[in-house]
Amino acid sequence: MIPGLEKAEFARYGRMHRNTYIASPSLLGPDYRLLKHPGVYFAGQITGVEGYVESAASGLVAGVSMACRVLGEEPPVFGADTALGALGHYVSGYAGSDFQPMNISFGIIKPPEIPIKSKRARHALIAERALSAVESIGDRLGIAGHETGTEERHV
Ligand SMILES: Cc1cc2nc3c(=O)[nH]c(=O)nc-3n(C[C@H](O)[C@H](O)[C@H](O)COP(=O)(O)OP(=O)(O)OC[C@H]3O[C@@H](n4cnc5c(N)ncnc54)[C@H](O)[C@@H]3O)c2cc1C
Numbered sequence: 001m002i003p004g005l006e007k008a009e010f011a012r013y014g015r016m017h018r019n020t021y022i023a024s025p026s027l028l029g030p031d032y033r034l035l036k037h038p039g040v041y042f043a044g045q046i047t048g049v050e051g052y053v054e055s056a057a058s059g060l061v062a063g064v065s066m067a068c069r070v071l072g073e074e075p076p077v078f079g080a081d082t083a084l085g086a087l088g089h090y091v092s093g094y095a096g097s098d099f100q101p102m103n104i105s106f107g108i109i110k111p112p113e114i115p116i117k118s119k120r121a122r123h124a125l126i127a128e129r130a131l132s133a134v135e136s137i138g139d140r141l142g143i144a145g146h147e148t149g150t151e152e153r154h155v
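Residue numbers (our numbering): 1 to 155.
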C-alpha cells in the first residue's frame, strides 16, 4: 500500500518496541518510592507502566508524593480504586513471577464491593468512585477541580 514499496518483501517481522523496566514488585511502594531508599523515586515506563498517559500518571503520583514529603506534609494516598493509584499498586504489588508492563484498564482498578453484572454500570460506578477519591485529594492539596462531562473526565 505504500507508494514505492509495492514489491517489498518481508524478510522478517519485527517488534514495534521493547520496554526496559525494573523489578518494581520487589523494589517499589505504590507511590513509586524505592523501599530500601525512600528518598529515591522512579517514574515512567521504567517502573513497568506502559504508555504515554500511564508514564505521565506515574510521574504525577511520584511527584506529588515527593513534593509533600519535601514540604513535611503527609502525602495523599492514591488508592487502587483510582486509575492513578491502580497503576502504582499493580507495579508494586504484582505477585507472580512474570511481571510485565501494563496499560491502565478497568481490569486493574479495584472492583466495586457489590458485584454489578452490567459492564457499563460497573464502569460508571468505578469512574464515579475514582473521581470522587481524586477530587478529595485535589481538595486536600488545594488543587481546584475542573468540571467536564463524565465521559471526558479521566481518573
Ligand atoms: C515505537 C513506539 C511507539 C509507541 N506508541 C505508543 C502509543 O501509541 N501510545 C502510548 O501510549 N504509548 C506508546 N509508546 C510507549 C510510550 O512511548 C512510552 O510508554 C512513554 O514515552 C514512556 O515515557 P517515559 O517518560 O517513561 O520514558 P521516555 O519517553 O523513554 O523518556 C525517557 C527519557 O530519558 C532519557 N534518558 C535515558 N537515559 C538517560 C540518561 N542516562 N541521562 C539523561 N536522560 C536519559 C531518554 O533520552 C528519554 O528522553 C510507544 C513507544 C514506542 C517506542
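Ideal Cβ positions, reconstructed from N, Cα and C, are used throughout, including at glycine. Bear in mind that the values here come from a model prediction, so they are computed numbers and not experimental data.
Find out if the Cβ-Cβ distance for the pair residue i, residue j is shorter than 8 Å.
i	j	result
Val49	Val91	yes
His89	Phe106	no
Ala62	Tyr41	yes
Ala95	Ile109	no
Ile126	Pro112	yes
Thr82	Ala133	yes
Ile22	Ile46	yes
Asn19	Glu54	no
Gly93	Pro25	yes
Which class does residue i belong to by DSSP, given the choice of helix, strand or coil?
i	result
Met16	coil
Tyr41	strand
Met66	helix
Val77	coil
Leu35	coil
Leu141	helix
Leu28	strand
Since residue i contacts residue j with CB under 8 Å, what's their CB separation in whole angstroms?
i	j	result
Gly59	Gly44	6 Å
For this session: Anything with a beta carbon under 5 Å from a heavy atom of ligand 1 counts; list them all in chain order.
Result: His17, Gly44, Gln45, Gly51, Tyr52 and Ser55
Exercise. Do the stretch 78-97 and the stretch 16-33 meet, that is, are 3 or more Cβ pairs less than 8 Å apart?
Worked result: yes
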